[in-house]
Amino acid sequence: MMIQVIAAYFVTIFFAIMFNTSKNQLLISGLVGAVGWWGYLMVIHSNYSVVTGSFVGAFLVSLLANLFSKLRKSPVTIFQIPGIIPLVPGMGMYKTLYAVIEEDYNLVAKHLFETLQIAGSIAVAMMIIFSLSTLFDQYAAKKV
12 MMIQVIAAYF VTIFFAIMFN TSKNQLLISG LVGAVGWWGY LMVIHSNYSV
62 VTGSFVGAFL VSLLANLFSK LRKSPVTIFQ IPGIIPLVPG MGMYKTLYAV
112 IEEDYNLVAK HLFETLQIAG SIAVAMMIIF SLSTLFDQYA AKKV
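Under my numbering, residues 12 to 155 are what the sequence shown spells out, in order.
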């Protein structure tokens, strides 16, 4: 499990480099992706579904991305987009398209449905954190 978390750390850093993230933000970006993948693995190893694991992982990524964007005074996307990459259901899309080629439409439906559930759970987790962050910022602005 630790090897997967370390791999997620480096994958996130490499994607952050592709997105032209500044050098002083790379390590934090990698940390965000690694923590998200760790959360995903912890949920999966607790016998919950992949969809639930993806939700928890994306929730952690979005939470940390928002936190570090405020601490580092940087855009949240610098941390969030690379951090979410390890959670993206690429294998699900591959299996879906492979089943299309094999003309196994029952398998197409199964893989497509699971892939869309994973993508939806990632989007919902990101939306929840974005909404909570906006509410917190509005509350903090009124308090001052």
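Cβ atoms here follow ideal geometry from the backbone N, Cα and C, with glycine treated the same way.
**Request:** Given a cut-off of 8 angstroms, decide if valine 43 and phenylalanine 79 are closer than it, judged by their beta-carbon atoms.
**Result:** Contact: yes.
**Whether leucine 52 touches methionine 12 by CB criterion (8 angstroms)** = Yes, they are a contact pair.
**Message:** In whole angstroms, give me the CA-to-CA distance for leucine 37 and phenylalanine 66.
**Reply:** CA-CA distance, leucine 37 to phenylalanine 66, rounds to 24 angstroms.
**Request:** Reducing DSSP to helix, strand and coil, say where serine 57 ends up.
**Result:** Here serine 57 sits in coil by DSSP.
**Request:** Measure the C-alpha to C-alpha separation of isoleucine 14 and valine 111 and round it to an integer number of angstroms.
**Result:** Rounded to the nearest angstrom, the two C-alpha atoms are 33 angstroms apart.
**Asked** Alpha carbon to alpha carbon, what distance is there between valine 54 and leucine 75?
**Response** Roughly 18 angstroms separates the two Cα atoms.
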